[in-house]
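**Student:** Here's a structure for you.
Residue numbers (this note's numbering): 1 to 294.
This is the structure we're talking about:
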């Protein structure tokens, strides 16, 4: 709607200029004063229309295409969004959801928009998960978070839906794990569980194996596995979720040959954050497992 009004005003403005330049009879005497007043009124419109809406700015990942302005923008601190996986199946992803609507006074090939912005994401290491008419879905893992990008384009506008989820990857060896237990009395482990799930992912198996090997190398060592969450959701649900995750982690260690009698589990939910829950990075830090030396 904004676009149609914009083009309509631009056409009126151009028509008035044409009347004056061609010396049309409508521009004589009193009518001339009216036309000049209209031109003064309409003159700033293109400048006003081309400005971004208040509070809007480009996402740090993607600079806008030249000539486009942000006409609509919103951010949800936490929400779900329908996306697709690598096989093209629909999935729900969760995190901070940012929406951008860009528009320009132009006529540009949508494929050029998609290839330009899509190319910027793949240059950063992103992967294309799916494509449709004038649309592309991409995923990027970088800077301790995973980002999903849904890009759609037409010949005078494009939209971006960007969903960000904190993702901390544990980089720890058996030696550093035992050293941390000895010096600090605990070691912090980050496993990237799916939202509201307690299933150990395949990608986390190497961490499980490393910790089980370390514990088997020190058979006298007993530990308590304490799981923490962010503050999304109900407090009692987070307690239950963290308890189940701690149990899943302990069960995985036992499956690798660690004696179950050496392990205790505890779910603490959201009560002991180590960072703010207002950002995706902070929530990623709060979703953690602490292995406490007993």
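For glycine and all other residues, C-beta sits at the position ideal for the given N, C-alpha and C.
#1: Between residue 125 and residue 284, is the Cβ-Cβ spacing less than 8 Å?
#2: Buried or exposed: residue 230, going by 16 or more other Cβ atoms within 10 Å of its Cβ?
#3: So, residue 157 versus residue 102, is the Cβ gap smaller than 8 Å?
#4: Grouping DSSP H, G and I as helix and E and B as strand, with all else coil, what is residue 247?
#5: Buried or exposed: which applies to residue 290, given that a residue is buried once 16 or more other Cβ atoms fall within 10 Å of its Cβ?
#6: Nearest CA to the CA of residue 254: which residue from 180, 218, 212 and 66?
#7: The alpha helix (DSSP H) spanning residue 282 covers which residue range?
#8: Going by CA-CA distance only, name the one from 259, 237 and 225 that's closest to residue 303.
#9: Give me the Cβ distance between residue 150 and residue 83, rounded to the nearest whole Å; I'm assuming they're in contact under 8 Å.
#10: Nearest-angstrom Cα distance between residue 56 and residue 99?
#11: Count the other CB atoms, across all protein chains shown, that sit within 10 Å of the CB of residue 217; report buried if there are 16 or more and exposed otherwise.
#12: What are the residues that DSSP puts in a beta bridge with residue 187?
#13: Taking buried to mean at least 16 other C-beta atoms within 10 Å of its own C-beta, is residue 104 buried or exposed?
#14: Would you mind giving the Cβ-Cβ distance between residue 227 and residue 267, rounded to the nearest angstrom? I have them listed as a contact below 8 Å.
#15: Decide if the segment 112-121 is in contact with the segment 58-69; the criterion is three or more beta carbon pairs, one per stretch, under 8 Å apart.
#16: For chain B, find out if any of its Cβ atoms is closer than 8 Å to the Cβ of residue 220; answer yes or no.
#17: Do residue 97 and residue 120 have their C-beta atoms within less than 8 Å of each other?
#18: Taking only three categories from DSSP, how would you classify residue 295?
#19: Report the CB separation of residue 163 from residue 95 in whole angstroms; it is logged as a contact under 8 Å.
#20: Along the chain, where does the alpha helix (DSSP H) containing residue 210 start, and where does it finish?
#21: If we ignore side chains and look at the alpha-carbon of each, how far apart do residue 45 and residue 51 end up?
#22: Restricting to Cα atoms, I'd like to know which of 108, 160, 140 and 106 is closest to residue 122.
#23: Determine the closest residue to residue 195 out of 244, 127, 74 and 86, with distance taken between C-alpha atoms.
#24: What residue does the alpha helix (DSSP H) around residue 121 start on, and which one ends it?
**Tutor:** Once the coordinates are examined:
#1: no
#2: By the neighbour-count rule (16 or more Cβ atoms within 10 Å), residue 230 is buried.
#3: yes
#4: Three-state result, residue 247: helix.
#5: For residue 290, the number of other beta carbons within 10 angstroms of its own is at least 16, and it is reported as buried.
#6: Comparing Cα positions, the closest option is 212.
#7: Segment 280-286, the alpha helix (DSSP H) holding residue 282.
#8: Residue 303 falls outside the range modelled here, since the chain spans only 1 to 294, and no answer is possible.
#9: 7 Å
#10: 10 Å
#11: exposed
#12: Note: residue 187 sits in a beta bridge opposite 291.
#13: Residue 104 counts as buried, since no fewer than 16 other beta carbons sit within 10 angstroms of its beta carbon.
#14: About 5 Å separates the two Cβ atoms, so the contact holds.
#15: yes
#16: Note that chain B does not occur in the displayed structure, where there is just one protein chain.
#17: Not a contact, by the Cβ cut-off of 8 Å.
#18: Lying outside 1 to 294, the shown extent of the chain, residue 295 is not represented and no answer is given.
#19: 5 Å
#20: 205-217
#21: Here the model assigns residue 45 a pLDDT of 46, short of 50, so the residue's position is not dependable, and the following value carries that caveat. For residue 45 and residue 51, the distance between alpha carbons rounds to 10 Å.
#22: 140
#23: Ranked by how close their Cα comes to the Cα of residue 195, the residues 244, 127, 74 and 86 have 244 in first place.
#24: 110-123
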